[in-house]
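Here the sequence shown is numbered in UniProt numbering, starting from 1 and rising by one per residue. Just so it is clear, CB atoms sit at the ideal spot from N, CA and C, and this is done for glycine as well. Only one structure is covered here, and it is reproduced in the block below.
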Amino acid sequence: MVNDGGEVFFRAGVGAVITNLSFDRVLLFRRGDYVNTWQCPQGGVNQNESTDEAVFREVFEETGIKKEELEVVAVCPVWLGYELPSGKSEEHLSVGQVHRWYVLKLLTSYDVFRDAAAKEFIDSSWRSFDDWNLDSVPSFKKEVVIFLMNWFFDVALAEERLLSGV
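Written as structure tokens, this is what we have:
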């Protein structure tokens with residue numbers, strides 16, 4: 001897709017891998033618009049908004065989880081992107097999206113799905129990251145999810161060492 005200046009662009013966004021206190025589960029959300037699609041919260045960065053501001057706004061809008069309930073554990077050192085399939089790119093006015101990903105630790109409980117303002121998700125589930133069924137990920141996002149899984153395992157290992165004093 002092209003912007004007003006005739007340039008092809010990718011929309012900037014953020015994503016959040018939300019983990020529990022013991023760092024052995026991540027909170028995944030089931031989308032209402034795609035059958036059996038589970039994902040982490042993600043969304044666009046508004047003009048004049050930092051990625052730090054955007055990630056907390058997006059998480060709250062999509063999940064109802066407040067900034068005060070979260071702690072930033074890690075920020076992915078690279079932006080991860082994907083191209084949208086034809087048809088989807090016209091809907092979003094870009095050829096794809098690039099995201100800055102965060103690992104956020106949830107400091108409170110999240111046992112019951114919260115009905116958030118965005119209405120994008122219809123259910124939630126605490127899962128081991130390696131139990132995330134890649135068949136539930138749209139094909140154009142799979143490469144990003146695989147990278148996220150590997151990066152998350154590195155972050156989780158570092159967090160485990162920090163907590164154990166090793």
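Taking the straight line between their C-alpha atoms, what separation do you get for residue 196 and Gln97? Residue 196 lies beyond the stretch modelled for the chain, which goes from 1 to 166, so this question has no answer here.
For Ser22, is the classification buried or exposed, using 16 other Cβ atoms within 10 angstroms of its Cβ as the cut-off for buried? With fewer than 16 other Cβ atoms within 10 Å, it is exposed.
What does the alpha-carbon distance come out to for the pair Leu70 and Leu106? Taking the straight line from one Cα to the other gives about 5 Å.
### Short Cβ contact (8 Å threshold) for Leu104 with Ala16
Yes. Within cutoff.
query: Does the distance from the CB of Phe147 to the CB of Leu84 come in under 8 Å?
result: Taking a C-beta distance under 8 Å as the contact criterion, Phe147 and Leu84 do not qualify as a contact pair.
Checklist entry - Around the Cβ of Ala54, are there at least 16 other Cβ atoms within 10 angstroms (buried) or fewer (exposed)? => result It counts as buried.
**Request:** Could you check if Ser56 is buried or exposed, using at least 16 other CB atoms within 10 Å of its CB as the buried criterion?
**Result:** The sequence given here has Phe at residue 56, not Ser. Counting C-beta atoms within 10 angstroms of its own C-beta, Phe56 has 16 or more neighbours from the protein chains shown and is therefore classed as buried.
Review point. Does DSSP put Thr19 in a helix, a strand or coil?
Key: Strand at Thr19.
Name the DSSP bridge partner or partners of Tyr110?
Beta-bridge pairing links Tyr110 to no other residue.
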